[in-house]
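Engineer:
Chains as they are written, first to last, in our numbering: chain A, 47 to 158; chain B, 13 to 185.
#1: Would you please verify whether the beta carbon of residue 50 of chain A is less than 7 angstroms from any beta carbon of chain B?
#2: Please report whether the beta-carbon of residue 43 of chain B lies at a distance below 7 angstroms from any beta-carbon of chain A.
#3: DSSP three-state label for residue 13 of chain A, please.
#4: Going by Cα to Cα distance, which pick from B:180, B:31, B:70, B:73 is closest to residue 54 of chain B?
#5: Closer than 8 angstroms, Cβ to any Cβ of chain B: which residues of the segment 55–67 of chain A, in chain order?
#6: Between which two residues does the alpha helix (DSSP H) harbouring residue 183 of chain B extend?
#7: Measuring only between beta-carbons, confirm whether residue 147 of chain B sits less than 7 angstroms from chain A.
#8: For the alpha helix (DSSP H) that contains residue 52 of chain B, what are its first and last residues?
#9: Can you tell me where the alpha helix (DSSP H) with residue 20 of chain B in it begins and where it stops?
#10: Against residue 128 of chain B, what residues of chain A qualify as contacts under a CB-to-CB distance less than 7 angstroms, listed in chain order?
#11: For the alpha helix (DSSP H) containing residue 222 of chain B, list its first residue and its last residue.
#12: Quick one: what does DSSP say residue 77 of chain A is sitting in, helix, strand or coil?
#13: Where residue 47 of chain B and residue 59 of chain A are concerned, what is the direct C-alpha to C-alpha distance, given to the nearest angstrom?
#14: Report all residues from its chain with a CB closer than 6 angstroms to the CB of residue 57 of chain A; omit the five preceding and five following residues, and keep chain order.
#15: Closest to residue 186 of chain B by C-alpha separation, out of A:74, A:64, A:55, would be which residue?
#16: Apart from the five residues just before and just after residue 73 of chain B, which ones in its own chain have a Cβ nearer than 8 angstroms to its Cβ?
#17: Answer yes or no: does any C-beta atom of chain A fall closer than 7 angstroms to that of residue 19 of chain B?
#18: With a threshold of 7 angstroms between beta carbons, is residue 87 of chain A in contact with chain B?
#19: Between the segment 152–168 of chain B and the segment 127–143 of chain B, can you find at least three pairs of beta-carbon atoms closer than 8 angstroms?
#20: Report yes or no: is there a C-beta of chain B within less than 7 angstroms of the C-beta of residue 71 of chain A?
Dropping the structure here:
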């Protein structure tokens, strides 16, 4: 057998040994449900947050001079959220379930 | 702004549907069992969801599969670092694909595939990971380079050496 043919044969053997593995069907269902829940909850929380602002607060937010405090608040929230995520990651010795991860993700998405 | 999020979610769903099998396969060959592969796949997609908007913006239209596999790759490395060991059971659980051969040839084929996996397990991590990306996921050198954070040239050499080492180690038996 030539070198090229032998290489081709060996690579075919590798492809067979490392054939793609299908995920269990319930994994796909679980993940799709989790993503849908995250998207819905995040949208609902944002909508509640917007509803809670009074008319005058919304008017005030249109003035760029009033953007500094929200920007600082968002930055502080992001840093705090990042620190929480870091602590959570350090605490976990191994990946936990989808539910815990989804809750952690939601915490990050939630406006303070 | 309100239209952007559903569109982003739709794009993420597309990415997820297109690459769930890739991420799961990669996770499976890295951790060696279905339970941890499921966990790792879930974690990978949740992390991807968290950073999707930024990844999309920075991708300049390039495919996001290498980015996804890089996330799975980092999670698998953390998994092994936390446990201080390599997979133990992949060879026992992975069933080779069926071929339309006679029964005895199928049995012989299975033994040979198990032998390949056993020797694959003896390769250095980076060589083993590159071979999983190439032969299980069918990734190009360029995609593997992006996933591993290497140059195209270095990746080509890595794969070439990995195949050679595997071939030699099997030949020594």
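We put the beta carbon where it would ideally sit given N, CA and C, even for glycine.
Structural biologist: Taking the coordinates as given:
#1: no
#2: no
#3: Outside the modelled stretch of chain A, which goes from 47 to 158, sits residue 13 of chain A, for which no answer is possible.
#4: B:31
#5: 56, 57, 59, 60, 61, 62, 63, 64, 65, 66, 67
#6: 164–183
#7: yes
#8: 46–71
#9: 16–43
#10: 59, 60, 63
#11: Since the displayed chain B opens at 13 and closes at 185, residue 222 of chain B lies outside it and no answer follows.
#12: helix
#13: 27 angstroms
#14: none
#15: Since the first residue of chain B shown is 13 and the last is 185, residue 186 of chain B is not available in this structure.
#16: none
#17: no
#18: no
#19: yes
#20: no
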